[in-house]
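To start, the structure itself, in C-alpha cells.
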Amino acid sequence: GSHLGSCSTVLFAGIGASRSAKRVALANLLFKLVGVIVFFLLTPSIIYLVQKSSVNLPRQIANAHALVIVGNALIFLPFTEMFAKFLEKIIPKTEEVESLQKPKFLDSGALETPEIAFYLASKEIIRISNAVEEMVLGIMQVFIDNDERLLDKISAQDMIVDNLSREITKYLTRISFETLSKEHSKEVFRLLYIVDDLEHIGDLIDKNLIPLVEKKIDHSLVFSEKGMEEIKNMHQEVYNNLRNAIGAFALQDQRMAQKVIDQKKYIDSLEITLRKTHINRLNVGIELSQKTSGVHLDLINILKRINDHSFSIARAVVGEI
Numbered sequence: 001g002s003h004l005g006s007c008s009t010v011l012f013a014g015i016g017a018s019r020s021a022k023r024v025a026l027a028n029l030l031f032k033l034v035g036v037i038v039f040f041l042l043t044p045s046i047i048y049l050v051q052k053s054s055v056n057l058p059r060q061i062a063n064a065h066a067l068v069i070v071g072n073a074l075i076f077l078p079f080t081e082m083f084a085k086f087l088e089k090i091i092p093k094t095e096e097v098e099s100l101q102k103p104k105f106l107d108s109g110a111l112e113t114p115e116i117a118f119y120l121a122s123k124e125i126i127r128i129s130n131a132v133e134e135m136v137l138g139i140m141q142v143f144i145d146n147d148e149r150l151l152d153k154i155s156a157q158d159m160i161v162d163n164l165s166r167e168i169t170k171y172l173t174r175i176s177f178e179t180l181s182k183e184h185s186k187e188v189f190r191l192l193y194i195v196d197d198l199e200h201i202g203d204l205i206d207k208n209l210i211p212l213v214e215k216k217i218d219h220s221l222v223f224s225e226k227g228m229e230e231i232k233n234m235h236q237e238v239y240n241n242l243r244n245a246i247g248a249f250a251l252q253d254q255r256m257a258q259k260v261i262d263q264k265k266y267i268d269s270l271e272i273t274l275r276k277t278h279i280n281r282l283n284v285g286i287e288l289s290q291k292t293s294g295v296h297l298d299l300i301n302i303l304k305r306i307n308d309h310s311f312s313i314a315r316a317v318v319g320e321i
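Following the UniProt record's numbering, the numbering of the sequence shown begins with 1 at its first residue and continues without gaps.
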C-alpha cells in the first residue's frame, strides 16, 4: 500500500508536464505495481524471511520494505532497455519535437530596439542551421547504411526548420520599416535571405533526397564502388561548405564566408565531372551503374543545389545581397 500510494504524488506532478516527465511517472507506477504483484504472490516466503531477520517488529517492517525495493530493482534490471522502449511507444516523443519547433529567443519586447531584435533572430537562425546541418549529415548516413529509422528523425527536423523559419520571418517583418535606418533595413533582408536558404536546404532533403534514398532502399539498389566513392566525396565537400557558411554567419567571419564563395565554381565543375564519369561507366556496360543511374544523377544534382544555398548564405554574410 505504501509503495503504490507514493506513486500518486509523482502521477499528479506529471499532469501538464513534458512527455519525458510523464514517462517517468508512468515508469514509477508500473515499476512499483509489478513489484507489488510479484511480492504479493510471495507473501508467505517474505514473511518467513523477515521474521528470521529480526525479532524486533519495527526492524522487521524496515527489512520488508528494503527487501521489496531491492528485489523489485533486481527484477527489472535485465529488462531496462525493453521497458524504456515500451514507455516510448505508450508516450511518444511528439511533444519534445513540438517544443523544438517553438522559438526560444524571439522576444516581442525587443522589436522596439532593432539591434537586440536582430541579435535574438540570429540566435534563432543558428538553431535552424544546426538542424539543417544534422539533416545533411544524417541523410548520407541513411544512404550508405540503408537505415530507414533515421528518416523519421530527418523529417521531424525539417518540421522544426519550417516552423522556426516561419516564426523568424514573422518576427522580423514586425519591425516597423518606417522607423528603420537604411542599414537596419538591409539587415532585415539579409537575415530573411539566410532563413530562406536554410529552409530551402531542409526542403531539398525532405522532399527530394528522402524519396531518392527510399527508392534506393525499396529497390535494393547497389551502387558501384567508384560511384559510391564519388557521391561520398561530393557530399563531404558540400557538407563542409555548409558548415563553413553556418560558422561564418554565427561568427560573422567574412574570411570563412569567402572560402565558401570561392568553392562555388569547384562544386559546379565537380558535379559536371561526376556526371561524365558516371556516363563513362554506363558506356562500358557496368551493370550496377546502369541500375542506379537515375538516383545517382539526381543525387549529385541535389547536392549541388544544397551547395548553391550555402554559397548564397556566405554571400549574405559578406554583404553581397
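We put the CB at the ideal spot given by N, CA and C, even for glycine. Since we're looking at a predicted model, the values are computed, not measured.
Pairing residue 139 with residue 205 gives a Cβ-Cβ distance under 8 Å.
The alpha carbon of residue 297 has as its nearest neighbour, out of 249, 119, 242 and 228, the alpha carbon of 228. Residue environment for residue 309: buried (at least 16 other C-beta atoms within 10 angstroms of its C-beta).
Look at residue 225 here: in three-state DSSP terms it is helix. Of all alpha-carbon atoms in 167, 173, 209 and 120, the one lying nearest the alpha-carbon of residue 154 is that of 209. Here DSSP, grouped into helix, strand and coil, assigns residue 319 to coil. About 11 Å separates the Cβ atoms of residue 250 and residue 257, ruling out a contact at the 8 Å cut-off. Residue 148 is positioned such that its CB atom lies closer than 8 Å to that of residue 217. Taken atom to atom, the span from the alpha-carbon of residue 196 to that of residue 165 is near 7 Å. Residue 82 has its alpha-carbon roughly 45 Å from the corresponding atom of residue 192.
Listed in chain order, the alpha helix (DSSP H) elements of length 4 or more contained wholly in the UniProt domain "PhoU" (231-317) are 254-262, 264-283 and 287-317. The beta carbon of residue 194 lies closer than 7 Å to those of 125, 249, 313 and 316 in the same chain, with the five residues before and after it left out. Judged by DSSP in its simplified three-state form, residue 175 adopts coil rather than helix or strand. The Cβ neighbour count for residue 292, taken over all protein chains shown within 10 Å, is at least 16; the residue is labelled buried. Beyond the five residues adjoining it in sequence on each side, residue 123 comes within less than 7 Å, by CB distance, of 105 in the same chain, given in chain order. Distance from residue 241 to residue 263 at the Cβ level is roughly 5 Å; contact confirmed, criterion being Cβ atoms closer than 8 Å. Between residue 224 and residue 286 a beta carbon distance of about 6 Å is seen, short of the 8 Å cut, so the two are scored as contacting. Using a 10 angstroms sphere on the CB of residue 311, the tally of other CB atoms reaches 16 or more, which defines it as buried.
The residues 234, 300, 301, 303 and 304, in chain order, have a CB closer than 8 Å to that of residue 271 in the same chain once the five nearest residues on each side in sequence are set aside. Annotation for residue 277: 230 place their beta carbon closer than 7 Å to its own, counting only its chain and skipping 5 residues before and after. Cβ contact annotation for residue 101 (same chain, cutoff 8 Å, sequence separation greater than five): 159, 160, 163 and 164, in chain order.
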